[in-house]
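Per the numbering used here, the very first residue in the sequence shown carries number 124; after that it's consecutive.
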Amino acid sequence: MEFKDYYQMLGVARDASPEAIKKAYRQLARKYHPDVSKEPDAASRMSDVNEAYAVLSDPERKAAYDKVGQGHEGGEHFTPPPGWDSGYEFSGSGFEQMDPGEFSDFFSQLFGRAGAARHQARRPAGSGRGEDRHARIALDLEDAFTGGLRHLTLQHPEVDAQGRVQMRERVLEVQIPRGVRPGQFIRLAGQGGPGQPPGDLLLEVGFRPHPQFQVENGVLVGRLPVAPWEAALGAVVPVALPDGHTLKVRVPAGAQAGRRLTVRGRGLPSATPGDLELVVQVVLPSGLEPRARALYEQMARELTDFDARKVATAEAERGETPT
124 MEFKDYYQML GVARDASPEA IKKAYRQLAR KYHPDVSKEP DAASRMSDVN EAYAVLSDPE
184 RKAAYDKVGQ GHEGGEHFTP PPGWDSGYEF SGSGFEQMDP GEFSDFFSQL FGRAGAARHQ
244 ARRPAGSGRG EDRHARIALD LEDAFTGGLR HLTLQHPEVD AQGRVQMRER VLEVQIPRGV
304 RPGQFIRLAG QGGPGQPPGD LLLEVGFRPH PQFQVENGVL VGRLPVAPWE AALGAVVPVA
364 LPDGHTLKVR VPAGAQAGRR LTVRGRGLPS ATPGDLELVV QVVLPSGLEP RARALYEQMA
424 RELTDFDARK VATAEAERGE TPT
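Put into structure tokens, the structure is as follows:
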């Protein structure tokens, strides 16, 4: 998607004060409001101005935007890096009256999910209870198997007396439940905003990238590298799981690259353990190695009726396209 330079949209510097941002917004709103403007693109420009102000006028959104947007220019291709918002603590206010669908895809990608979570973490109306807060945390996949106590560092943007945003840091001891899933919330009672009683802190769980495994809809999915003869003839191969254990998996004869092998109950732990899916990955010996090259040449001479393109087409028609 396209990166949006909200500072450029409002015509303000990146170190502009809240007063300067508000003044720029009001001037542009008078210029482009569809009810009074004669500009041909007034509606579109007004939408951009509203979106820019929604971000830059809010200290928390502004701090997050400044972090993820550092080094990017308006109009360039942009994809938010995975987990960019991990470790940021947000208050529950500010998003309840906002519909991310009113703004661009860029806004929704950055703030849509956070907005939904913050909507859950809002302070109950009319009570003296402190405001709930929300933060997204990144855990290792291994944490889902072991659980245990972790020390997590969170950053929270605050506005000082001069209106400048300052990042405050705090370290929390968090008990990670065994079997935690991505998207699950861990609620820390009394760790939110001040009040009587204090609000809660909701930690939204995400996993850091793992070299071998990922979680898809609660299913643990991993790559299963096999040699060509193991795939062709069948074999029992070892699989090292994230919990440190090794599992023996039977590869059926004739297994093609991309085939998924399901092992029931060996995925993420829970009262009813999840499944493990292993995607067959056929790893070929290098043709630069003399012994392997000799065997490839022998196969080329003796298997002249084998057409890889026809086999691949037939597999695709059966829904077995390699991944």
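All C-beta atoms in this analysis are idealised placements derived from N, C-alpha and C, irrespective of residue type, glycine included.
For Pro351, the closest C-alpha among the options Leu343, Asp366, Phe330 and Tyr419 is that of Tyr419.
Burial check for Phe330: the Cβ neighbour count within 10 Å reaches 16 or more, so the residue is buried. Residues Gly341, Val342, Leu343, Gly390 and Leu391 of the same chain have their beta carbon placed closer than 7 Å to that of Gly397, with the five preceding and five following residues left out of the count. For Phe268, the uninterrupted alpha helix (DSSP H) run begins and ends at Leu264 to Thr269, by DSSP. Secondary structure note for Glu400: its beta strand (DSSP E) is the uninterrupted segment Leu399 to Val405.
Rounded to the nearest whole angstrom, the CA to CA distance from His195 to Asp189 is 10 Å.
Between Gly315 and Asp255, the C-beta gap is smaller than 8 Å, which places the two residues in contact. Its chain contains Leu277 as the residues whose beta carbon lies nearer than 7 Å to that of Arg293, once the 5 sequence neighbours on both sides are disregarded; these appear in chain order.
Inter-residue distance for Glu174 and Lys154 is about 16 Å (C-alpha atoms, whole angstroms).
With 16 or more other Cβ atoms inside 10 Å of its own Cβ, Gly322 counts as buried.
Secondary structure within the stretch 351-432: the alpha helix (DSSP H) runs of 4 or more consecutive residues, fully enclosed, are 351-356 and 413-425 (chain order). Between Gly210 and Lys127, the C-beta gap is not smaller than 8 Å, which leaves the two residues out of contact. Gly253 is classed as buried because its beta carbon has at least 16 other beta carbons within 10 Å across all chains shown. In this structure, DSSP gives Val282 an extended state, which the three-state scheme calls strand. The DSSP-derived three-state label of Met124 is coil. In the DSSP assignment, Ser214 falls within the beta strand (DSSP E) that extends over Glu212 to Ser214. Only buried fits Glu353, as 16 or more other CB atoms lie within 10 angstroms of its CB. Of the other Cβ atoms in all chains shown, 16 or more fall within 10 Å of the Cβ of Arg259; this residue is therefore buried. Taken through DSSP and simplified to helix, strand or coil, Thr436 comes out as helix.
Bridge partners of Phe330 according to DSSP: Leu262. Nearest neighbour of Leu179 by Cα position, chosen from Pro300, Met132, Pro205 and His333, turns out to be Met132. Glu327 is classed as buried because its beta carbon has at least 16 other beta carbons within 10 Å across all chains shown.
Note on geometry: alpha-carbon atoms of Ala378 and Ala358 lie some 10 Å from one another.
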